[in-house]
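Taking it in order: structure first as structure tokens, then the write-up.
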Amino acid sequence: NKVNEYLNTDSTNMTHAYSKSFVKEIKSCISSEKFDEFKEIMERERRRHINIRDCFDYDMSKSISIEDVQSEAHIIKHFVASAMSYGALSIEAHETIARAFNELGAASNSGEGGELVERFGTTKASKVKQVASGRFGVTYDYLRSAQEIQIKMAQGAKPGEGGHLPKQKVDEHIARVRYAKQGVDLISPPP
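Straight run, no breaks: the sequence shown in the numbering used here ends on number 248.
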């Protein structure tokens, strides 16, 4: 069963969002169409305070006036796409994320790989420019084209390690953007 591969079965007594017993209960409720029981299980899970939102109590007994609610445009402008570099993503994906977030009035993050100069000042440009220890793609114009500069101190997925783009991914386009040699592993040193 594929689901079981993702369930943690360690004995550390750490709280996990999806224990085997929880998944079993939910599957049972769904297959037997016991929707009231399903709601009870979900409410019990919510009270376990697994998600940050579960730690807050909201007063739902009274509403606020619509004039006090922020507009969608105001809320969305605070959204930022995660930093994903051109190289980790294809050029099409990288540009599409930037264009979508720009269209929404939000911001995308270039990641540590730099950005094509042709994108600066266009809807294909990321508003947030990231600078990491390898300084790939970092130029005066790159920094000037930023609305925000993010200094990357370490790899989130690999704390204590630097970034690594395998040589197979370093084609002529990525090498040009990163001011590097084609077909060579690109390493951002650890902090």
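Ideal Cβ placement from N, Cα and C applies to all residues, glycine included. Small disclaimer: the values here were computed from a predicted structure and weren't measured.
Taking the alpha carbon of His106 as the reference point, which residue from Ala74, Ile123 and Glu229 has its own alpha carbon closest? Within the sequence shown, residue 106 is the residue found at index 49, counting from 1. Selected option, being the one with the closest Cα: Ala74.
Mind pulling the alpha helix (DSSP H) runs of 4 or more residues that sit fully within the stretch 118 to 157? 129 to 133
I need the straight-line Cα distance from Gly144 to Ser76, nearest angstrom please. In the sequence shown, the residue the question calls residue 144 occupies position 87. In the sequence shown, the residue the question calls residue 76 occupies position 19. Between Gly144 and Ser76, the C-alpha separation is close to 36 Å.
How about Glu218 and Ala189: are their beta carbons less than 8 Å apart? The residue you call residue 218 lines up with position 161 of the sequence shown. The residue you call residue 189 lines up with position 132 of the sequence shown. In this structure, Ala189 does not lie closer than 8 Å to Glu218 by Cβ.
Round the Cβ separation of Ala130 and Phe193 to the nearest angstrom and send it over; I've been treating them as touching at under 8 Å. For the purposes of this step, residue 130 is identified with residue 73 of the sequence shown, where counting begins at 1. For the purposes of this step, residue 193 is identified with residue 136 of the sequence shown, where counting begins at 1. That belief does not hold up - the Cβ atoms of Ala130 and Phe193 are roughly 34 Å apart, past 8 Å.
May I ask you to list the residues that DSSP assigns as paired with Asn166? Residue 166 sits at position 109 when you count from the first residue of the sequence shown. Paired residues: Ala140 and Val185.
In its own chain, which residues sit with a C-beta less than 6 Å from the C-beta of Lys209, not counting the 5 before and 5 after it? Counted from its first residue, the sequence shown places residue 209 at position 152. Taken in chain order, the residues that qualify are Glu169, Gln187 and Ala189.
Mark Lys181 as exposed unless 16 or more other C-beta atoms lie within 10 angstroms of its C-beta, in which case mark it buried. In the sequence shown, counting from the first residue as 1, residue 181 sits at position 124. Buried, by the Cβ-count rule.
Arg156 to Glu94, Cα distance in whole Å? Counting from 1 along the sequence shown, the entry for residue 156 is found at position 99. Counting from 1 along the sequence shown, the entry for residue 94 is found at position 37. Near 44 Å, if we compare the C-alpha coordinates of Glu94 and Arg156.
Look up Gln225 in the DSSP assignment and say whether it is helix, strand or coil. The residue you call residue 225 lines up with position 168 of the sequence shown. Correct three-state label for Gln225: helix.
Buried or exposed for Glu149, please, with buried defined as at least 16 other CB atoms from any protein chain shown within 10 angstroms of its CB. Within the sequence shown, residue 149 is the residue found at index 92, counting from 1. Glu149 comes out exposed.
When DSSP builds the beta bridges, which residues end up paired with Gln207? For the purposes of this step, residue 207 is identified with residue 150 of the sequence shown, where counting begins at 1. Beta-bridge pairing links Gln207 to Gln187.
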